[in-house]
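Numbering (this note's numbering), first residue to last: 48 to 239. In what follows, a structure is listed as structure tokens, so that the remarks can point back to it.
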């Protein structure tokens with residue numbers, strides 16, 4: 048009986064160590080530096096606290112990313128339009144654009160370059176120095192109209208009475224015809 052009891056105690060000790068080893072590994076992975084400070088706490092409570100902390104950080108980072116993504120996209124397009132990315136291959140640029148959450152599967156790209164002219168001849172409507180305000184309004188009009196026309200479009204304000212528009216569409220779409228119609232309507236809207 049004593050041998051059986053001793054054998055049962057030894058087997059239960061081995062089993063408990065075997066069962067506990069994944070929890071120990073998880074604790075060492077989650078908190079290698081704080082293992083000594085949390086040694087007295089219940090491991091599952093520590094894991095829960097750490098999980099909630101990481102979950103909160105993840106949401107904060109996700110929120111920050113969603114807030115900063117438009118500025119990152121705009122910066123990328125500025126560099127692309129100004130020729131600062133000529134060293135990248137098309138595949139590298141497409142991968143980078145996919146990271147910025149543009150859908151690039153089976154996609155054709157069209158770039159429109161728009162220059163505002165004739166503002167100085169509209170005396171009475173605008174004062175000197177209103178050029179930046181006019182170009183900002185024109186870029187907003189361009190972005191709103193492009194969103195109605197195309198599946199994906201991004202407008203860029205170059206702050207020198209010029210703007211760019213990157214239009215993304217599928218090869219099946221009659222993209223060039225749509226761009227021609229869009230350009231005519233955009234010209235009329237901005238002139239008005």
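Backbone N, C-alpha and C define an ideal beta-carbon position, used for all residues, glycine too.
Next item on the list: Please classify residue 119: is it buried, with 16 or more other beta-carbons within 10 angstroms of its beta-carbon, or exposed?
Entry: exposed
Notebook entry, point to check: CB residue 192 to CB residue 233, shorter than 7 angstroms?
Noted result: yes
Next item on the list: Out of 195, 93, 204, 190, point me to the one whose CA is closest to residue 180's CA.
Entry: 204
Next item on the list: Compare the beta carbon distance of residue 64 and residue 77 with 7 angstroms and say whether it is the shorter of the two.
Entry: no
Note to self: Distance check for residue 92 and residue 54, CA to CA, integer angstroms please.
What the structure shows: 33 angstroms
Check: Given that a residue counts as buried once 16 or more other Cβ atoms are within 10 Å of its Cβ, and exposed if not, what is residue 123?
Finding: buried
Note to self: If you measure between the beta carbons of residue 217 and residue 131, is that distance less than 7 angstroms?
What the structure shows: no
Next item on the list: Per DSSP, which residues does residue 55 bridge with? Please list them.
Entry: According to DSSP, which records beta bridges pairwise, residue 55 is partnered with nothing at all.
Margin query: Which residues does DSSP list as the beta-bridge partners of residue 199?
Written below: 215
Next item on the list: With DSSP as the reference, label residue 7 as helix, strand or coil.
Entry: Look at the range of the chain in this structure, 48 to 239, and you will see that residue 7 is not part of it.
Next item on the list: Would you check if the region 155-162 and the region 207-225 touch, i.e. whether three or more CB-CB distances between them fall below 8 angstroms?
Entry: yes
Notebook entry, point to check: Could you give the distance in angstroms between the alpha-carbon of residue 231 and the alpha-carbon of residue 117?
Noted result: 27 angstroms
Next item on the list: Using 10 angstroms around the beta-carbon of residue 70, count the other beta-carbons present and answer buried if the total reaches 16, otherwise exposed.
Entry: exposed
Item checked: Cβ shell of residue 188 (< 7 angstroms), same chain only, five flanking positions each side left out -> 236, 237
Next item on the list: Using the DSSP secondary-structure output, state which residues sit across from residue 162 in a beta bridge.
Entry: 209
Notebook entry, point to check: Distance, Cα to Cα, residue 90 vs residue 99?
Noted result: 14 angstroms
Item checked: residue 61 classed as buried or exposed, judged by whether at least 16 other C-beta atoms fall within 10 angstroms -> exposed
Note to self: What does DSSP give as the partner residue(s) for residue 157 in the beta ladder?
What the structure shows: 214
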